[in-house]
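Enquirer: Residue numbers for the sequence shown follow the numbering used here, beginning at 1 and rising by one.
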Amino acid sequence: MDSDDAVELLKAAIPREPGVWADLGAGTGTFTRALASLLPGGRVYAVDQNARSLSKLNNQRQRGAATIIPVVADFTRPLDLPGLGGAELDGLLFANSLHFVADPATALGALAARVRTGGRIVIVEYDRRAASRWVPYPIPANRLPALAKAVGLTELTIVASRTSSFGGILYVATASRLS
């Protein structure tokens, strides 16, 4: 998947207004660049524990897109996002990252608490896929209602999907923070 494919997948989930978002588990930035292109004038924190992966984002500014700020960190631990201070985020993107977390509710809950009330949480994950070393903790779509309820979100709604070349269905689900 390239950034154009990622834009197509995300566009129904992302409000087209400037905001401050975090892409958690950003990797080399395929979904980070897609998110930035959908948030002109905004700011996107690209969070990943692999500095080498994030370095690919340093020289790839897109005209008319949000500013991307790479942050080397493990998103399952408390995060310091430079320049954010105590301000809240407008949204979170977890694109193919929550399936690496054994307890996604705990990680999602801690991070959703940093999002303003009514802010958006977007999850891109695989449905109908068995666990593997690449997707050790799959999050099938039928687990989404319980996950959303456990962390204080509106119901996670699937807004886009496509067959994955790696097996199963890749879906995009979105919810808002209740309070």
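Even glycine gets a Cβ: it sits at the ideal position worked out from N, Cα and C.
With distance defined between alpha-carbon atoms, name the residue in 179, 32 and 3 nearest to residue 187.
Expert: The structure shown does not extend to residue 187, since the chain spans only 1 to 179, so no value can be given for it.
Enquirer: According to DSSP, simplified to helix, strand and coil, what is residue 70?
Expert: Walking along the sequence shown from the start, residue 70 turns up at place 70. DSSP places residue 70 in strand when its eight states are reduced to three.
Enquirer: Helix or strand or just coil, what does DSSP make of residue 48?
Expert: Residue numbering aside, residue 48 sits at position 48 when the sequence shown is read from its first letter. Correct three-state label for residue 48: strand.
Enquirer: Would you call the region 102-112 in contact with the region 159-168, where contact means no fewer than 3 C-beta pairs closer than 8 Å?
Expert: no
Enquirer: Are residue 46 and residue 122 touching if we call contact CB-CB under 8 Å?
Expert: Locating residue 46 in the sequence shown gives position 46, counting from the first residue. Locating residue 122 in the sequence shown gives position 122, counting from the first residue. Not closer than 8 Å, so no.
Enquirer: Given a cut-off of 8 Å, decide if residue 155 and residue 141 are closer than it, judged by their beta-carbon atoms.
Expert: By one-based count along the sequence shown, residue 141 stands at place 141. By one-based count along the sequence shown, residue 155 stands at place 155. Their beta carbons are not under 8 Å apart, which means residue 141 does not touch residue 155 by this criterion.
Enquirer: Excluding sequence positions up to five away, which residues of its chain have a Cβ less than 6 Å from the Cβ of residue 97?
Expert: The count along the sequence shown starts at 1 and reaches residue 97 at position 97. Around residue 97: 24 and 25.
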